[in-house]
Amino acid sequence: MDRWRALPVSRRRQILTPVLLVIGLLFPFASGNAGNVDAAANAFTYVLLALGLNIVVGFAGLLDLGYAAFFAIGAYGYGIAASGQLKPAWSSLWAPLEWAGQVTRLVVPGQADTVQFHFAFWPMLAISAIICAIFGLLFGAPTLRLRGDYLAIVTLGFGEIVPVVARNWDGLTNGAQGLGGIRTPASSASTSASPLPVLLPRPGARGGGGVDLHPACRSRASGARGWPSGRTSSPRAPMGVNHVHYKLLAFAMGAAVGGLGGTFYVAKLTTATPDMFTFPVSVMILVMVVLGGLGSIRGVVLAALFVAFLQSVILQDLTEYVHALGRLVGSAFLQRVELITSLELIFGLILVLMMIFRREGLWPAVRRVSALTREQQAAAPSRGSVVDLAWARPETAGGPGRPLLEIEGLRKSFGGVAAADDITLTVRAGELVSVIGPNGSGKTTLFNLITGLIAPDAGSIRLEGHEIGGRPSHEIVTAGWRGPSRTSGSSTT
Amino acid sequence: MVGLVLMIILSHLVKRTTLGKAMRATAQDADAARMMGIDVDRVVVLTFFLGSALAGAGSLFFGLYYGFTAYYIGYTIGLRAFTSAVLGGIGSIPGAVLGGLFIGLIQSLGGQLLGVKWTDVMIFSILIVIMVFRPSGLLGVRAPQKA
Chain U
19 MDRWRALPVS
29 RRRQILTPVL
39 LVIGLLFPFA
49 SGNAGNVDAA
59 ANAFTYVLLA
69 LGLNIVVGFA
79 GLLDLGYAAF
89 FAIGAYGYGI
99 AASGQLKPAW
109 SSLWAPLEWA
119 GQVTRLVVPG
129 QADTVQFHFA
139 FWPMLAISAI
149 ICAIFGLLFG
159 APTLRLRGDY
169 LAIVTLGFGE
179 IVPVVARNWD
189 GLTNGAQGLG
199 GIRTPASSAS
209 TSASPLPVLL
219 PRPGARGGGG
229 VDLHPACRSR
239 ASGARGWPSG
249 RTSSPRAPMG
259 VNHVHYKLLA
269 FAMGAAVGGL
279 GGTFYVAKLT
289 TATPDMFTFP
299 VSVMILVMVV
309 LGGLGSIRGV
319 VLAALFVAFL
329 QSVILQDLTE
339 YVHALGRLVG
349 SAFLQRVELI
359 TSLELIFGLI
369 LVLMMIFRRE
379 GLWPAVRRVS
389 ALTREQQAAA
399 PSRGSVVDLA
409 WARPETAGGP
419 GRPLLEIEGL
429 RKSFGGVAAA
439 DDITLTVRAG
449 ELVSVIGPNG
459 SGKTTLFNLI
469 TGLIAPDAGS
479 IRLEGHEIGG
489 RPSHEIVTAG
499 WRGPSRTSGS
509 STT
Chain D
-13 MVGLVLMIIL
-3 SHLVKRTTLG
7 KAMRATAQDA
17 DAARMMGIDV
27 DRVVVLTFFL
37 GSALAGAGSL
47 FFGLYYGFTA
57 YYIGYTIGLR
67 AFTSAVLGGI
77 GSIPGAVLGG
87 LFIGLIQSLG
97 GQLLGVKWTD
107 VMIFSILIVI
117 MVFRPSGLLG
127 VRAPQKA
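Protein chains in written order, with our numbering: chain U, 19 to 511; chain D, -13 to 133.
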């Protein structure tokens, strides 16, 4: 155990991932019980969906109440491609697909030939994810300006629209009855005896190892670093992050994962009905994310497994215990209790209790906040790593007196109030400049102007000779110049 | 009629009374409100009290009009009420009224135009379109940005 702990996290992950994959692959064969396999598959569908929503809600801080919509799109995407729902007329355009074994030409005497779809699972998994990502972008783009309640209601609206469309567009989705006879990846090969164990190992492993790892990697990759800042304070996070870009990316990735979940779930279930994707499903996934801890991958996985376990095992057992207790004390009421039907009630209770006693979730993401060392204080952030900047240390500053930041005639007024009026200031390398003044004298305005949070009315700000006045803060920081860093201390003192 | 009276009372309460002032202050910035001596917890509790009372009044009319009730009727209505509030602009009483009327109109006109089954799709599509062009609702002012 000590030796295990001594390993760096990345190394541990390298070892654990194949182990989890193998367990996931072997589980359906090792466990002869089809019910267990089914429960595990459901559980990992939850995990997948919760992780997908976690990208949107946990990392990017965008409250999405309509996540089930992407689940539905992925599910119907595969459902339509792998069932006899659509029967377009045969034309020679379909020939390459028939040659690839994805469609069959149906010949019915006396009628025009039609096409029978039976697209394979694995390519469709990727295609569903891409379709969902596109929907995520389409849907994310107009909502970027919205925040809080407004964003929530619009996502909710989207989540309401999709099942209604699925229910009413009979030609595409077979209406309220839903799609039936969707092919599972292995059902063509195996007999009807037990398609599940044959089908499940690989997707099961996806949930167990592959996807578990995937967002974990993302949260380490430089791309995902933009999200937590989006969550903590949406309008202002000037540390080199282009918000529009990352919010859209979060929407697209979350949607794609939802599509994976939908495809897998429908391939397992072989049917898809509109009722499977209604608002309570979105809420349930959201509950898992909140329960586990926003932005915490392990927490969300744990919570999703817990919810699935609660549903499939704990509540059944508890119901029997309560019945036994009822027989013991002779209470007719206790013998009639069915805990599974009150699942939502129990969820509600758990959630309320969690919010009162443990708001950060079961297993929150650790956000390390430690004091900076001397070396780190003299370092500047750059892409990928922390770089030691020799010039920032006064004793080694090259070329003393070289101006780094030059401000000339800077002016900014809010309505009739001139918050900053004709400020001229030069900061040279190795110099420490303090801005002092009474309340309301414009210190914060000055910092906001320099860091690009607000645009100046007049004057110029040059950083190492580059004009930065009025440019968005993320551009200033990522342009590669030694940028100004803003701390809360500097803005209030 | 009763709705109109309730609206006037609510409007007066929120705009003129101390409690209303405290509510709006809490909505703008709970911390600052606390520093100004407002018992934020009490305001929150009273707000929930008020909101629930109005829902009760609304449900009375629903029951009188349709003459039936069931445990599940609140879901659709609650959803549409939320939509109305957002459509009109959160924090604006005339906005909420306008939003409610608007949704009601879409519901009855849209039902005739495209069929009842597309009502929800229409309501939410219109909502999304309006949100794109007016991100704070029809009569909403630019809300202070909360962290």
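For every residue, glycine included, the Cβ atom is placed at its ideal position computed from N, Cα and C.
- For residue 179/U, the chain D residues whose Cβ falls inside 8 Å of its Cβ are 106, 107, 110, 111, in order along the chain.
- Under the three-state reduction of DSSP, residue 427/U is assigned to strand.
- Between residue 69/D and residue 113/D, the C-beta spacing is below 7 Å.
- In chain order, 5 place their CB closer than 7 Å to the CB of residue 32/D, counting only its own chain and leaving out the 5 sequence neighbours on each side.
- Look at residue 126/U here: in three-state DSSP terms it is coil, with no helix or strand label.
- For residue 96/D, there is no enclosing beta strand (DSSP E); the residue is part of the alpha helix (DSSP H) that begins and ends at 79 to 100.
- For residue 185/U, the enclosing alpha helix (DSSP H) starts and ends at 166 to 186.
- Only buried fits residue 312/U, as 16 or more other CB atoms lie within 10 angstroms of its CB.
- Contact between the stretch 329 to 343 of chain U and the stretch 300 to 315 of chain U is not established, with fewer than three Cβ pairs separated by less than 8 Å.
- Nearest to residue 22/D by C-alpha distance, out of 36/D, 7/D, 35/D, is 7/D.
- Counting only runs of 4 or more residues that sit fully inside the stretch -1 to 73 of chain D, the alpha helix (DSSP H) segments are 4 to 14, 16 to 21, 26 to 52, in chain order.
- When rounded, the separation of the alpha-carbon atoms in residue 364/U and residue 134/U is 45 Å.
- For residue 108/D, the closest alpha carbon among the candidates 182/U, 129/U, 147/U, 158/U is that of 182/U.
- For residue 446/U, DSSP records a beta bridge to 421/U.
- At a cut-off of 7 Å between beta carbons, residue 182/U contacts chain D.
- Straight through space, the alpha carbons of residue 275/U and residue 310/U are spaced by roughly 18 Å.
- Distance between residue 340/U and residue 347/U, taken at the CA atoms: about 11 Å.
- Partner residues in the beta bridge of residue 121/U, as assigned by DSSP, are 135/U.
- Taking a Cβ-Cβ threshold of 9 Å, none of the residues of chain U is close to residue 1/D; the smallest such distance is about 21 Å.
- Ranked by Cα distance from residue 305/U, the options 86/U, 33/U, 56/U are led by 86/U.
- Listed by position along chain D, the residues whose Cβ is nearer than 7 Å to that of residue 370/U form an empty set, because the closest Cβ is around 14 Å away.
- Interface criterion met: the Cβ of residue 164/U is under 7 Å from a Cβ in chain D.
- Between residue 431/U and residue 461/U, the alpha-carbon positions lie close to 13 Å from each other.
- With contacts defined by Cβ atoms closer than 7 Å, residue 438/U and residue 463/U form a contacting pair.
- With a cutoff of 7 Å on beta-carbon distance, residue 326/U and residue 54/U are scored as not near each other.
- Residue range 315 to 327 is occupied by the alpha helix (DSSP H) that includes residue 316/U.
- By the neighbour-count criterion, in which 16 or more other beta carbons inside 10 Å mark a residue as buried, residue 442/U falls on the exposed side.
- Shown here is that no member of the stretch 7 to 18 of chain D has a Cβ falling below 8 Å from a Cβ of chain U.
- In this model, residue 42/D and residue -4/D are separated by some 15 Å (Cα to Cα).
- Using a Cβ-Cβ cut-off of 7 Å, residue 172/U is close to 113, 114, 117 of chain D, given in chain order.
- Going by beta carbons, residue 82/U and residue 108/U fall outside the 7 Å limit.
- Membership of residue 113/D in the alpha helix (DSSP H) is indicated by the continuous run 105 to 119.
- Boundaries of the alpha helix (DSSP H) around residue 364/U: 361 to 375.
- For residue 97/U, the uninterrupted alpha helix (DSSP H) run begins and ends at 86 to 99, by DSSP.
- According to the DSSP assignment, residue 300/U belongs to the alpha helix (DSSP H) that extends over 297 to 310.
- In this structure, residue 84/U keeps its C-beta atom at 7 Å or more from the C-beta atom of residue 272/U.
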